[in-house]
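*Asks:* Structure in structure tokens, see below.
Number of protein chains: 2
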Amino acid sequence: MTPVNLKSLAEQLHLSIATVSRALRDSHEVSEATKERVRALASALHYEPNAYASSLRRNISKTIGVVIPKVANHFFALAINGIEEAARQSGYHVLIYLTHDDYEREVSIVQHLKGGRVDGLLMSVASGTQDFAHLHSLKDANIPIVFFDRVCAEISTAKVTTNDYESGYQATEHLMAAGCQHIAHLLISNNLSIGQYRHQGYLDALTAHGLPIDEDLVMSGVMDNEQNVSLIRELLLRRPDIDGIFASVERLAISAYRVCHELGRRIPEDIKIIGFSNLEAAALLDPPLSTVTQPAYDIGREAARILLRAVEKKKAVLPEQSLVLASTLFARQSTGG
Amino acid sequence: MTPVNLKSLAEQLHLSIATVSRALRDSHEVSEATKERVRALASALHYEPNAYASSLRRNISKTIGVVIPKVANHFFALAINGIEEAARQSGYHVLIYLTHDDYEREVSIVQHLKGGRVDGLLMSVASGTQDFAHLHSLKDANIPIVFFDRVCAEISTAKVTTNDYESGYQATEHLMAAGCQHIAHLLISNNLSIGQYRHQGYLDALTAHGLPIDEDLVMSGVMDNEQNVSLIRELLLRRPDIDGIFASVERLAISAYRVCHELGRRIPEDIKIIGFSNLEAAALLDPPLSTVTQPAYDIGREAARILLRAVEKKKAVLPEQSLVLASTLFARQSTGG
DNA sequence: TTTATTTACGCAAACGTTTTCAGTAGGCGG
DNA sequence: CCGCCTACTGAAAACGTTTGCGTAAATAAA
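Protein sequence lines correspond, in order, to chains A and B.
Take the numbering used here: the last position of the first sequence gets the number 1296, and nothing is skipped along the way.
Take the numbering used here: the last position of the second sequence gets the number 1296, and nothing is skipped along the way.
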């Protein structure tokens, strides 16, 4: 049971290792006849080049890392789909890491990745991340990084997002057009840039339409869903005047639904809800949920493409660049239909 | 800007490469004092060992591959979550590959993985896969494989599933208890073992309760959702006597909902529906969907644990072994409450 | 014919790590 | 003083691949 590697192939073909290697990489330095012989034997023996030897020698891993908070979330699942597609097309492999929105884990993951395991990194930062030293240090390790969705303003590199500000603005405007006067905003932990942009859209929309800004109507979600349900319940009980909810993240919209059902608030009669969401089943909810739907697959795919272009050109540091893909607002019954 | 590797560390410390390597791996052959010096410098310079050099030398990649049909599916998303957790705990990395239920892709992926990129493989087979040569050949490459959910009966190895037969039986029984007499079964492409088990449960439940078996009520889903909607519409129009639907895969339950809404069939008054599903929002659908919910996270985590144990022991081939984790039936309004 | 040039291949050195095998020094009993 | 053991360290050979350089033969240019 001799191993099937360049050496064994070379011996059987009475060629040197170098020639076999070159033949398999289709080098012009090898005659067509020889290439044919080599390829024939290689495929007969099911030769697969050792990825690690190749990576070590060429200092290229043909692998990208994807660091995201979670995967059990339709947005990220779709994004991974797009990433995998782009990677596959370019012959790259995809390593997945979940931070669970934990800063320590994020740091630890990034630190490990500097060992050369990946040629580049795609990332959506954890909501708890405030210090970006671990990300800065990637540049020293010559690893390009592209942020998607949850970008990091402090790092100058390429970023792919959706039009968070406009989407927040539109969603709020949509609620106002439906007659809402007291609109709550449920947002994700507020040190995330996307939360800030969406929130700014919400604020500006209110102001533009002459509604007062009331910070008491703004709620930051936490990690735990049950806790979010409690928080929303408290909010709705404390402020019975709330007649509209803008949830800028899917989980919070779902939690808001639960609370409304529980408290007997009718949607959309008593309270209207719109949420950022990629849920396929949004149209089947009771009632169908109006959504701002992000082009998650495209965001993932474009982020990966940008990263891969940089990797191929060995550009460790990407120019500050923002690609913004528009979200779509689907008006359904939860905002009056 | 000298690279920070064993060689540079050794030079700065006036030690040999060997000693530095041993110190970092906490070998007993190195004095505590030396270890301390080495560790101090290593962490000061943020030394990260080159994963590829290490993998090449030790013939161990500390990486497992996960090959699944898709990720934009709550079951697989949760499974990945469990897999990542188990892998992280053991210091392993996770490579993700999506087959999109395409046999050719599955073969190509598996073939590439034999290059030593992974120490082991977790897999849910594509629905189109009929030939298993590519999987058999993994044994030659010394790569252990563990199947989860969509297992492959032809390969003898460890498998982690849910109790598909019993779940199909229970779901069907649940519909009958709710008064259904003409129960359709929407199942995933029928060469998958899980589809067969669930279907057998359905059949046996019907027989056990004296209902006739009618093959015209059994529908195999396809890849495209829109096409599934058409198929279901045809079925319901052709057989207006259908008063219960057992969808043994989430997508088909969602599609069934769409068709019922479209055709004006009331759920549960006219037709009752239960589906395999991991959708968090199932309880918020219109009406709340009764589900058979699989322990997706646990399935992923346990499959990974079994695989990792084998990998650590360098057991390339795992004993035939089945771990069955029970699903839970949640009765909601779609079957009468 | 001689001299360039091309073509086709081999040698050997990397890449960074792990590990086997030796080797040195000091301590200790005899 | 000799031999031996222990404790530490170093030299060097792997792992499988890629690639700069050298070289022989074959072909083209002069």
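Yeah, the Cβ is synthetic: ideal placement off N, Cα and C, and Gly gets one too.
(1) May I ask you to list, following chain order, the residues of the segment 1238-1255 of chain B that have a beta carbon less than 7 Å from some beta carbon of chain A?
(2) Within 10 angstroms of the Cβ of Arg-1076(A), are there 16 or more other Cβ atoms? Answer buried if so, exposed if not.
(3) Taking 8 Å as the CB-CB cut-off, is Leu-1222(B) touching chain A?
(4) Is the shortest distance between the beta-carbon of Ala-1036(B) and the beta-carbons of chain A less than 8 Å?
(5) Considering Cα atoms alone, identify which of Arg-998(B), Leu-1194(B), His-987(B) and Glu-991(B) is closest to Leu-965(B).
(6) Determine the burial state of Gln-1048(B): buried for a count of at least 16 other Cβ atoms within 10 Å of its Cβ, exposed for fewer.
(7) Can you pull out the residues from the segment 1170-1188 of chain A whose beta carbon lies closer than 8 Å to at least one beta carbon of chain B?
(8) Tell me Met-1178(B)'s beta-bridge partners as DSSP assigns them.
(9) Per DSSP, what kind of secondary structure is Ser-1281(A) in: helix, strand or coil?
(10) Of all the CB atoms in chain B, is at least one closer than 8 Å to the CB of Lys-1073(A)?
(11) State yes or no: is the beta carbon of Ile-1297(B) nearer than 8 Å to at least one beta carbon in chain A?
(12) Just to confirm my understanding: we take Leu-1097(A), look at its own chain, exclude 5 residues before and 5 after, and list those with CB closer than 6 Å. What are they?
(13) Based on the DSSP output, what are the partners of Ile-1042(A) in its beta bridges?
(14) Once the 5 residues before and after Leu-1196(A) are set aside, which same chain residues still bring their CB inside 8 Å of it?
(15) Who are Phe-1289(A)'s beta bridge partners in DSSP?
(16) Taking 8 Å as the CB-CB limit, is Tyr-1011(B) close to chain A?
(17) Kindly indicate which three-state DSSP category Gly-1087(B) falls into: helix, strand or coil?
(18) Give me the DSSP bridge partner(s) of His-1052(B).
(19) Just the Cα atoms here: how many angstroms apart are Val-1276(B) and Gln-1155(B)?
(20) Determine the chain A residues that contact Tyr-1216(B) at a beta-carbon separation under 7 Å, and present them in chain order.
(21) Which residues bound the beta strand (DSSP E) around Ala-1117(A)?
(22) Would Val-1084(B) pass as an interface residue toward chain A - the criterion being a Cβ-Cβ separation below 8 Å?
(23) Starting from Pro-1278(B), find everything on chain A with Cβ-Cβ shorter than 8 Å and list it in chain order.
(24) Could you name the residues of chain B that Ser-975(A) contacts, counting a contact when the two beta carbons are closer than 8 Å?
(25) In the DSSP assignment, what residue or residues form a beta bridge with Gly-1259(B)?
(26) In angstroms with no decimal places, state the Cα-to-Cα distance between Gln-1292(B) and Leu-1165(A).
(27) Quick check on DSSP: helix, strand or coil for Ala-1215(B)?
(28) Pull the bridge partners of Ala-1206(A) from the DSSP assignment, please.
(29) Taking C-beta pairs closer than 8 Å, name the residues in chain B that Pro-1008(A) reaches, listed in chain order.
(30) Would you list the residues sitting across from Val-997(B) in a DSSP beta bridge?
(31) Where DSSP assigns a beta bridge to Met-1082(A), which residues make up the other side?
(32) Taking C-beta pairs closer than 7 Å, name the residues in chain B that Ser-967(A) reaches, listed in chain order.
(33) Taking the alpha helix (DSSP H) that Asn-1184(B) belongs to, which residues open and close that run?
(34) If you measure from the beta carbon of Ile-1258(A) to each beta carbon in chain B, is any gap under 8 Å?
(35) Nearest to Ile-1102(B) by alpha carbon, out of Val-1208(B), Lys-1021(B) and Glu-1063(B)?
(36) Chain B beta carbons: is any one of them nearer than 8 Å to that of Glu-1043(A)?
*Replies:* So, from the listed chains and residues:
(1) For the segment 1238-1255 of chain B, which is checked against every Cβ of chain A, the residues closer than 7 Å are Leu-1238, Glu-1239, Ala-1240, Leu-1243, Leu-1244, Asp-1245 and Pro-1246.
(2) Here residue 1076(A) is taken as the residue at index 117 of the first sequence, counted from 1. With 16 or more other Cβ atoms within 10 Å, it is buried.
(3) One-based indexing of the second sequence puts residue 1222(B) at position 263. So no, Leu-1222(B) is outside the interface.
(4) By 1-based counting over the second sequence, the position of residue 1036(B) is 77. Answer yes: the Cβ-Cβ gap between Ala-1036(B) and chain A drops below 8 Å somewhere.
(5) On the second sequence, position 6 is the one that residue 965(B) refers to. Out of Arg-998(B), Leu-1194(B), His-987(B) and Glu-991(B), Arg-998(B) has the C-alpha closest to the C-alpha of Leu-965(B).
(6) Counting from 1 along the second sequence, the entry for residue 1048(B) is found at position 89. Under this definition Gln-1048(B) is an exposed residue.
(7) Legend: CB atoms of the segment 1170-1188 of chain A lying less than 8 Å from CB atoms of chain B are not found in any residue.
(8) The count along the second sequence starts at 1 and reaches residue 1178(B) at position 219. In DSSP, Met-1178(B) forms a bridge with Leu-1145(B).
(9) Working through the first sequence from its first residue, we reach residue 1281(A) at position 322. Correct three-state label for Ser-1281(A): strand.
(10) Taking the first residue of the first sequence as position 1, residue 1073(A) is located at position 114. It does; some Cβ of chain B falls within 8 Å.
(11) Since the displayed chain B opens at 960 and closes at 1296, residue 1297(B) lies outside it and no answer follows.
(12) As a working mapping, residue 1097(A) is identified with position 138 in the first sequence. Excluding the 5 residues flanking it on each side, Leu-1097(A) has same chain C-beta neighbours closer than 6 Å at Ile-1104, in chain order.
(13) The residue you call residue 1042(A) lines up with position 83 of the first sequence. Paired residues: none, contrary to the question.
(14) Here the question's residue 1196(A) lines up with position 237 in the first sequence. The answer, listed in chain order, is Leu-1222.
(15) As a working mapping, residue 1289(A) is identified with position 330 in the first sequence. Paired residue(s): Thr-1250(A).
(16) Position 52 of the second sequence, counted from the start, is the residue given in the question as residue 1011(B). Yes, because at least one Cβ of chain A sits closer than 8 Å to the Cβ of Tyr-1011(B).
(17) Translated into the one-based positions of the second sequence, residue 1087(B) becomes position 128. When secondary structure is reduced to three states using DSSP, Gly-1087(B) falls in the coil class, being assigned neither helix nor strand.
(18) Here residue 1052(B) is taken as the residue at index 93 of the second sequence, counted from 1. Answer by DSSP bridge pairing, in chain order: Thr-1022(B).
(19) The residue you call residue 1276(B) lines up with position 317 of the second sequence. The residue you call residue 1155(B) lines up with position 196 of the second sequence. Cα to Cα, Val-1276(B) sits roughly 26 Å from Gln-1155(B).
(20) For the purposes of this step, residue 1216(B) is taken as residue 257 along the second sequence, with counting starting at 1. Taking a Cβ-Cβ threshold of 7 Å, the residues of chain A close to Tyr-1216(B) are Leu-1243, in chain order.
(21) Residue mapping note: residue 1117(A) aligns to position 158 of the first sequence, counting from 1. From DSSP, the beta strand (DSSP E) with Ala-1117(A) extends over 1117-1121.
(22) As a position in the second sequence, residue 1084(B) is number 125, starting the count at 1. Residue contact check for Val-1084(B) against chain A: no CB pair falls below 8 Å.
(23) Position 319 of the second sequence holds residue 1278(B). Around Pro-1278(B), no beta-carbon contact reaches into chain A at under 8 Å, the shortest distance being about 22 Å.
(24) Locating residue 975(A) in the first sequence gives position 16, where the first residue counts as 1. Here the premise fails: no neighbours, minimum Cβ distance about 21 Å.
(25) Translated into the one-based positions of the second sequence, residue 1259(B) becomes position 300. Paired residues: none, contrary to the question.
(26) Reading the second sequence from its first residue, position 333 is the one you call residue 1292(B). Reading the first sequence from its first residue, position 206 is the one you call residue 1165(A). Taking the straight line joining both Cα atoms gives about 39 Å.
(27) As a position in the second sequence, residue 1215(B) is number 256, starting the count at 1. Collapsing the DSSP output to three states places Ala-1215(B) in a helix.
(28) To locate residue 1206(A), count along the first sequence from 1; it is residue 247. Leu-1145(A) and Gly-1234(A).
(29) Position 49 of the first sequence holds residue 1008(A). Correct list: Gly-1074.
(30) Reading the second sequence from its first residue, position 38 is the one you call residue 997(B). As DSSP reads the structure, Val-997(B) sits in no beta bridge.
(31) One-based indexing of the first sequence puts residue 1082(A) at position 123. Paired residues: Val-1026(A) and Phe-1106(A).
(32) Indexing the first sequence from 1 puts residue 967(A) at position 8. Those do not exist, as Ser-967(A) stays about 15 Å from chain B at its closest Cβ, beyond 7 Å.
(33) Within the second sequence, residue 1184(B) is the residue found at index 225, counting from 1. Here the alpha helix (DSSP H) through Asn-1184(B) covers 1184-1197.
(34) Translated into positions along the first sequence, residue 1258(A) becomes position 299. With 8 Å as the cut-off, Ile-1258(A) does not count as an interface residue toward chain B.
(35) Here the question's residue 1102(B) lines up with position 143 in the second sequence. For Ile-1102(B), the closest C-alpha among the options Val-1208(B), Lys-1021(B) and Glu-1063(B) is that of Lys-1021(B).
(36) What you label residue 1043(A) is simply residue 84 of the first sequence in a count that begins at 1. So, interface residue.
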